[in-house]
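Take 17 as the starting number for the sequence shown in the working numbering and just add one per residue. We treat Cβ as the ideally placed atom computed from N, Cα and C, and that holds for glycine. Computed from a prediction, not measured in an experiment: that's the story for all the values here. Read through the structure below, which is laid out as structure tokens, and then see the notes.
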Amino acid sequence: MTEILAVPVLKDFIGWFLDLFKFDYQLSKDRFEKIFDPAYLDMIKIHGDYNSMFSKVLETLPLLNNEDKLAYITKFDSQLQVVEHFVKVPKDSSEFRDSLLSIKSALDKDREKNDFIRLQARTLSDKIIEKSKGFKEKYFSWQILDYFLDHNGFIDKRHAELFFDELVKQGHHAKIDTPSYLVSAKLLETNDVDEIRKFIVSKKLILNDKFTKLSSAYYDLKLATYS
């Protein structure tokens with residue numbers, strides 16, 4: 017039997033992470049090398065994909081000339097591929113609105129690659145926490161899950177431990193909002209480009225903060241494993 021599963025396609029990441037626990041390694045070194053280290057390496061790729069997705073939106077948002085009531089938009093083809101940048105149109109034109117809708121459609125197309133992870137993170141979170149051994153494993157596992165979910169930070173270790181206990185007892189909690197979902201909703205909600213741009217930048221910062229916490233939890237676990 018092969019000891020390490022093949023690297024998952026993006027949408028199956030959480031299920032693949034849970035499957036790694038099925039080998040039930042007992043030594044902390046084996047658990048780190050066979051379960052948590054591969055998962056962290058894949059999270060690096062996933063985080064890069066999320067950042068690229070948001071950067072793509074920022075790069076294609078219209079640029080405004082408010083004095084002349086003009087906008088410089090990005091044009092897309094029927095496959096939502098960029099065909100031209102900086103096309104000058106009136107700010108209140110149908111072309112301006114169509115450009116924003118195309119940006120949203122392109123984002124939603126990219127979201128299809130990772131939206132299933134959010135559903136898996138929500139429905140499998142209790143099982144993953146239950147399979148993790150000790151606080152550092154549980155905390156690192158939760159940071160992976162929390163990357164895809166909307167959840168407030170922990171006050172302290174005791175607060176986190178209580179949450180993990182309740183998660184295992186009660187099963188997954190309903191968490192539906194993710195940064196990519198919220199950005200998509202914002203593009204539908206308003207044509208205010210400045211508002212959209214600020215919103216996306218804030219969501220990028222949230223993801224970067226979550227990945228920083230995930231990385232810190234990874235290195236804490238690695239230090240505990242090899243010390």
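- Of all C-beta pairs linking the stretch 64–71 to the stretch 219–234, three or more are shorter than 8 Å, placing the two stretches in contact.
- Listed in chain order, the non-local C-beta contacts of Asp-236 below 7 Å within the same chain comprise Lys-152, local neighbours out to five positions each way being set aside.
- Remark: C-beta atoms of Tyr-56 and Lys-50 do not approach each other more closely than 7 Å.
- Check the Cα spacing between Ala-122 and each of Leu-204, Pro-195, Val-73 and Leu-86: the tightest is with Val-73.
- Ranked by how close their Cα comes to the Cα of Tyr-163, the residues Ala-233, Glu-100 and Phe-215 have Ala-233 in first place.
- The beta carbons of Thr-241 and Lys-45 sit closer together than 7 Å.
- Annotated as distal: Gln-136 and Ile-60, with beta-carbon spacing of 7 Å or more.
- Distance from the CA atom of Asp-142 to the CA atom of Leu-183, rounded to whole angstroms, is 5 Å.
- The DSSP-derived three-state label of Phe-164 is coil.
- The stretch 83–152 is shown to contain whole alpha helix (DSSP H) runs of 4 or more residues at 110–127 and 131–147, in chain order.
- Between the stretch 173–182 and the stretch 75–83 there are fewer than three C-beta pairs closer than 8 Å, too few to call the two in contact.
- In the three-state scheme derived from DSSP, where H, G and I count as helix and E and B as strand, Asn-81 is classed as strand.
- When the alpha-carbon of Ser-196 is set against those of Leu-178, Ile-216, Leu-239 and Leu-86, the nearest one is in Ile-216.
- Where Asn-224 is concerned, the enclosing alpha helix (DSSP H) starts and stops at 209–242.
- Around the beta carbon of Phe-102, a 10 Å sphere encloses fewer than 16 other beta carbons of the protein chains shown; the residue is thus reported as exposed.
- Where Tyr-197 is concerned, the enclosing alpha helix (DSSP H) starts and stops at 195–205.
- The Cβ-Cβ distance between Lys-149 and Phe-180 does not fall below 7 Å.
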